[in-house]
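Protein chains: 2
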Amino acid sequence: MDHSTAALLALLIIFVAAQIGAEISQRLTLPSVVGEIAAGCIIGPFALNLIQVGHELELFAELGAILLLFSVGLETRLDDLKKVGKVAAYVGTGGVILPFLVGGLWAHLAGFELSKALFIGAAFVATSAGITARVLHELGMLSRIESRIILGAAVIDDILAMLLLGFVTSFQAQGSVDVLGLFFVLLQAVGFVLLLALVGTRLMQRSSQLLEAPINPLSPLTLCLAGCLALAVAAAYIGLAAIIGAFLAGMIAAESTQRHSLEKQLQPLLAFLVPYFFVVTGSKVDLSQLASLNVVGTVILVTILAVLSKIVACSLASMSLGRRSSIIVGVGMVPRGEVGIIVASLGLQAGVLSNTIYSVIILMSLLTSVIAPPALKALFAGITPPPGGEQGVDGHLMKVDTSGYG
Amino acid sequence: MDHSTAALLALLIIFVAAQIGAEISQRLTLPSVVGEIAAGCIIGPFALNLIQVGHELELFAELGAILLLFSVGLETRLDDLKKVGKVAAYVGTGGVILPFLVGGLWAHLAGFELSKALFIGAAFVATSAGITARVLHELGMLSRIESRIILGAAVIDDILAMLLLGFVTSFQAQGSVDVLGLFFVLLQAVGFVLLLALVGTRLMQRSSQLLEAPINPLSPLTLCLAGCLALAVAAAYIGLAAIIGAFLAGMIAAESTQRHSLEKQLQPLLAFLVPYFFVVTGSKVDLSQLASLNVVGTVILVTILAVLSKIVACSLASMSLGRRSSIIVGVGMVPRGEVGIIVASLGLQAGVLSNTIYSVIILMSLLTSVIAPPALKALFAGITPPPGGEQGVDGHLMKVDTSGYG
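Which chain is which? The protein sequence lines are A and B, in order. Under our numbering, residues 86 to 491 are what the first sequence spells out, in order. Under our numbering, residues 86 to 491 are what the second sequence spells out, in order.
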């Protein structure tokens, strides 16, 4: 078989395995990402060895992650933050700081040097609101105050996670604790993210008609794909993760009047390319390491730390809502899902994380996503859904629900 | 810059160059594919040298070609053939045989050995109906009898071209004129194409509901992408071109009730991936060879042969329509466009075609696509469009018109 046929065959195997994994997951009422990663574990070099991940598959996987983060950015609107106000800001910020500190501290105590420990801490941080949004939608609870706060806080959480990721990657590349250098690294990351998140979105709000025909002959999708790739390359160029640029491109596109049609046009691209990211991610998880009781213990400990730190920080930050509501908010913020997984993949790729700690973080991310939905359902038991609760906030969450990702 | 950033940068450069090229083409009222290939010439290693085409870019280009041929197949309906009947069958068949013979004969006389000459002949064959369809649409002439015959004949033309490509690739791989071997090669190619084109489409007609929820939990797009990749790999596995499998997968999907939603969902994937095929194709054209008068002469001669053989065969086959109409049909079948270009790319990749003859064929394909539209407009001058002429046949040609490809 020649090289290009072998590459096509690998694309086929991964795509089919991802669909089978996602389907089994959904029948078990688990998020489809769990099945896709599991499919990757099974067909990867540590088990059936059906695929070899070379440069081509890495590029497909990276493009999948870039488009996924672009679509996350596309759902991240600065206006949504204003609506839910202060409580969401507290929840989002607290839910980043405590897990980062707990994760980083655990890693440092477990023997990782500072730059690696910070990287591991960053993988503890990002909430994946998509899984929670799907559960809330199924329960008809999307219009309740807890749901609005969770989804608003997830926006802040995403922005802070990107900022943090920018900081730890730059810091790790620099590899020193030179205070002045650190300051510049932080300044660069913060500057890039804030400039694009605040100024970029503002500019787009004022010149949204630029994306529209007949002023512009290209389609909005084409322009946004070019912008997404350009900011991804720019982010990588200044030493940040490429996905940070993609996320910010999505945030900027979210301010255009073409947002809804973009979301729709993006679906086929996500359906085709995102499975490559999750399957390739799963293919690097060595499940045989779970034969060591030590590793199993570490996975359990890390998962407990990740769950508790998120619940404690987010519940405390939303105390003003009352006990039950604040716990709902805390539990709703637990799922880590794709962003944590992307951070771990970056760490493995850059050589910061060993295969063992990579596998631990992936498993932790999966477990948090598996635990949260039943817990949320239990917490909502006995509460009648508010009228119109299935409509979603602005209707745009319907998309999260049907996409199968996030 | 690390490897993955460099790969992303190449993806960005190609995508942006393709958009610029397509835009300039459209302003010059040329097909956008001309601009995309020209963009490839300019940024490729023979000129600005902005991109290096490695395995990753080849895979993107191949995937673009596969999806493009899948979409061509999706517009190829066996029922359409019945509607336009015998004349279209004569036009399609004649328009394949004469150009193949003329092209092959020229190549053989020019000194190419038999297997290479047949390959070159195959690149003379396939009409790209998309360019003609767009011109007919703009003129409001889509419902006239000439238009229906051109578009019906293009379907037969595509099927025969795939059959022929299957034959010449297998023959070339075999590399001998052993009559028994040749017979089996032909049988295999014909068998694969006919089995899928006739039996596959029939099965899909009877079980179209398989693609629909709730019997099937996966989306039609997902199933079709998997089927497209699977048949592409299968075709490559038995020694045919991967695009033949993709085309047949498209023909089968065309018989499902989900055809129109598939066409729509395919658009973003085509918009993203197809430019990689045309730009990579263009990047391999060495325009500096046009400095040789010899090569310029060859391009002109080959283009004249390609244009005349198509016009003569197709006009003769549609004589029953009257002189003016038969010439319109002949001219409408002239543009070669993407299928000829794909055949040439396969030849270059397989080492059958030298860089010179590859460049000649690409330029011929481009020139036929540039010549036909103004000639068609001139031929229709003075004919008033029939009422409702802009509706298109079945409405599905509207898609060809807006896609920018074909």
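Built from N, CA and C at the ideal position, the CB exists for glycine as well.
Beta-carbon neighbours of residue i, restricted to chain B and to distances below 7 Å
{"i": "glutamine 350/A", "result": "Pro353"}
{"i": "valine 318/A", "result": "Thr90, Leu93, Leu94, Leu97"}
{"i": "alanine 321/A", "result": "Thr90, Leu93"}
Nearest-angstrom Cβ-Cβ length linking residue i and residue j, presumed shorter than 8 Å
{"i": "serine 304/A", "j": "alanine 356/B", "result": "7 Å"}
{"i": "glycine 436/B", "j": "glycine 129/B", "result": "That pair is no contact at about 19 Å."}
{"i": "threonine 161/A", "j": "valine 240/A", "result": "5 Å"}
{"i": "arginine 229/A", "j": "proline 471/A", "result": "6 Å"}
{"i": "alanine 238/A", "j": "valine 176/A", "result": "4 Å"}
{"i": "valine 392/A", "j": "threonine 453/A", "result": "6 Å"}
{"i": "alanine 124/B", "j": "alanine 103/B", "result": "6 Å"}
{"i": "alanine 339/A", "j": "cysteine 313/A", "result": "Rounded, the Cβ-Cβ distance is 12 Å, inconsistent with contact."}
{"i": "serine 410/B", "j": "glutamate 223/B", "result": "Incorrect: roughly 19 Å between the Cβ atoms, too far for contact."}
{"i": "leucine 96/B", "j": "threonine 254/B", "result": "In fact, because the Cβ distance is near 29 Å, the residues do not count as touching under 8 Å."}
{"i": "serine 156/A", "j": "leucine 351/A", "result": "6 Å"}
{"i": "valine 220/A", "j": "lysine 462/A", "result": "7 Å"}
Under 8 Å from the C-beta of residue i: neighbouring residues of chain B
{"i": "glutamate 143/A", "result": "Ser89"}
{"i": "leucine 117/A", "result": "The residue asked about is misnamed: residue 117/A is serine in this sequence, not leucine. Here the premise fails: no neighbours, minimum Cβ distance about 11 Å."}
{"i": "alanine 327/A", "result": "Ser89, Thr90, Leu93"}
{"i": "serine 304/A", "result": "Ala356"}
Where residue i meets chain B, residues with beta-carbon distance less than 9 Å
{"i": "glutamate 147/A", "result": "Ser89, Ala92, Leu93"}
Cross-chain neighbours of residue i in chain A, by beta carbon under 9 Å
{"i": "phenylalanine 73/B", "result": "It is not possible to answer for residue 73/B, since the shown part of chain B is limited to 86 through 491."}
{"i": "histidine 140/B", "result": "His88, Ser89, Ala92, Gly139, His140, Glu141"}
Alpha helix (DSSP H) segments (min. 4 residues) lying fully within the stretch 87–153 of chain B = 88–112, 117–128
May I ask you to list, following chain order, the residues of the stretch 153–181 of chain B that have a beta carbon less than 8 Å from some beta carbon of chain A?
-> none
Please list the segments of the alpha helix (DSSP H) lying wholly inside the stretch 327–352 of chain A, counting only runs of 4 or more residues, in order along the chain.
-> 327–339
Within 8 Å of chain A by C-beta, residues of the stretch 352–372 of chain B in sequence order | Gln352, Pro353, Leu354, Ala356, Phe357
Beta strand (DSSP E) segments (min. 3 residues) lying fully within the stretch 174–203 of chain A = none
In chain order, which continuous runs of the alpha helix (DSSP H) of length 4 or greater are located wholly inside the stretch 384–458 of chain A?
-> 408–417, 422–434
The stretch 102–113 of chain B: positions lying closer than 8 Å to chain A by Cβ = Gln104, Glu108, Gln111
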